[in-house]
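Numbering (the working numbering), first residue to last: 140 to 252. Just so it is clear, CB atoms sit at the ideal spot from N, CA and C, and this is done for glycine as well.
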């Protein structure tokens with residue numbers, strides 16, 4: 140998904156006379172980090188409010204899982220973009236302390252970039 144999107148953006152930039160290599164790149168996605176052993180279904184009430192999408196959609200396109208799994212998915216999507224990204228923006232479904240700490244201390248340190 141991300142790589143094909145970037146290919147399109149590069150094409151649009153070239154058509155507009157811009158150098159795609161000079162553009163900053165941001166990876167942004169919705170995220171919900173599960174506690175170890177927590178079932179993905181527990182997040183349904185949270186993401187249904189924001190996106191209206193079902194669990195399968197979330198598993199495919201957004202970031203839902205335990206910290207290690209979420210970090211691996213972010214790393215894979217960044218790796219798909221030759222040259223990586225300049226910035227990562229994660230949009231948690233809940234801006235409470237617990238989610239922010241999971242992202243800051245358990246997810247981001249594991250992301251390869």
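Write down the C-beta distance between residue i and residue j rounded to the nearest angstrom, noting that I regard them as a contact closer than 8 Å.
| i | j | result |
| --- | --- | --- |
| residue 213 | residue 231 | Their Cβ separation, rounded to whole angstroms, is 13 Å, which puts residue 213 and residue 231 out of contact at 8 Å. |
| residue 194 | residue 180 | 7 Å |
| residue 151 | residue 201 | Not quite, the Cβ-Cβ distance comes to about 24 Å (not below 8 Å), so this is no contact. |
| residue 148 | residue 219 | About 13 Å separates the two Cβ atoms, so there is no contact after all. |
Give me the Cα-Cα distance between residue i and residue j, rounded to the nearest whole angstrom.
| i | j | result |
| --- | --- | --- |
| residue 206 | residue 165 | 21 Å |
| residue 154 | residue 198 | 34 Å |
| residue 177 | residue 211 | 18 Å |
| residue 215 | residue 226 | 15 Å |
| residue 188 | residue 167 | 19 Å |
| residue 196 | residue 174 | 20 Å |
| residue 143 | residue 236 | 35 Å |
Between the beta-carbon of residue i and the beta-carbon of residue j, is there less than 8 Å?
| i | j | result |
| --- | --- | --- |
| residue 224 | residue 217 | yes |
| residue 246 | residue 172 | yes |
Excluding sequence positions up to five away, which residues of its chain have a Cβ less than 8 Å from the Cβ of residue i?
| i | result |
| --- | --- |
| residue 157 | none |
Identify, in the order they occur along the chain, each residue of the same chain with its Cβ nearer than 6 Å to the Cβ of residue i, setting aside the five sequence neighbours on each side.
| i | result |
| --- | --- |
| residue 159 | 149 and 152 |
Please list, in chain order, all residues of the same chain as residue i whose beta carbon is under 7 Å from its beta carbon, the five residues on each side excluded.
| i | result |
| --- | --- |
| residue 265 | Because residue 265 is not part of the residues shown, which for the chain are 140 to 252, the question remains open. |
What residue ranges within the segment 176–230 form continuous alpha helix (DSSP H) runs of no fewer than 4 residues, ordered along the chain?
Fully enclosed alpha helix (DSSP H) runs of 4 or longer: 183–190, 194–200 and 206–218.
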